[in-house]
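Accompanying notes for the structure given below.
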Amino acid sequence: MSGARTVTVPTLDHGNITLPEPSWCAGHPEGPAESRADVHHAAPVPVPDGLVDMDAELVAFPYGGTPIPVSLHVEIVGPALTLNPDGLREYAAGLIERAALLVEFADRLAVLRAGGAW
6 MSGARTVTVP TLDHGNITLP EPSWCAGHPE GPAESRADVH HAAPVPVPDG
56 LVDMDAELVA FPYGGTPIPV SLHVEIVGPA LTLNPDGLRE YAAGLIERAA
106 LLVEFADRLA VLRAGGAW
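Numbering of the sequence shown is given in the numbering used here, commencing with residue 6 and proceeding in unit increments.
Written out as structure tokens, the structure is:
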């Protein structure tokens with residue numbers, strides 16, 4: 006692809022490797038990666054505050070044992086809770102809100118995988 010960016014990433018097992026960098030990638034850490042399979046592209050995905058904490062990150066592992074194309078790594082962070090009926094309903098509403106956001110992210114990821122922008 007004409008005009009595609011490349012990045013060189015040092016690794017301990019394969020030396021410097023040069024690979025195409027997708028436009029959505031937020032960069033790579035300084036210093037060498039332990040192995041070429043650890044080299045990955047990543048970018049945080051903003052998630053609005055909500056009752057249920059969630060972190061999301063675009064990732065791709067081009068050299069993994071099984072290469073992973075651009076995907077979304079999602080982590081739902083929540084403490085164990087003891088809730089009364091109203092608290093349980095409120096928590097369920099927060100989960101429904103997060104589920105709707107995940108559906109939106111799935112649609113955006115499909116566009117990105119098809120060559121569009123996030």
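Just so you know, even glycine gets a beta-carbon here, dropped at the ideal spot from N, CA and C.
Any idea which residues DSSP pairs residue i with across the strands?
i	result
residue 21	15
residue 63	48, 77
residue 58	82
residue 10	26
Quick test of your reading: residue i and residue j, contact by CB under 8 Å. State the CB separation rounded to the nearest angstrom.
i	j	result
residue 75	residue 61	About 13 Å; that fails the 8 Å criterion.
residue 92	residue 55	The Cβ separation is near 15 Å, so there is no contact.
residue 96	residue 86	7 Å
Could you compute how far the alpha carbon of residue i sits from the alpha carbon of residue j?
i	j	result
residue 67	residue 38	14 Å
residue 64	residue 16	18 Å
residue 7	residue 84	Its pLDDT being 49, under 50, residue 7 is placed unreliably in this model, and the value from its coordinates should be taken loosely. Distance between the alpha carbons of residue 7 and residue 84 is about 48 Å.
residue 59	residue 108	14 Å
residue 18	residue 36	13 Å
residue 53	residue 104	13 Å
residue 34	residue 110	25 Å
Starting from residue i, trace the alpha helix (DSSP H) both ways and give me its first and last residue.
i	result
residue 91	90 to 118
Where does residue i fall in DSSP's three states?
i	result
residue 31	coil
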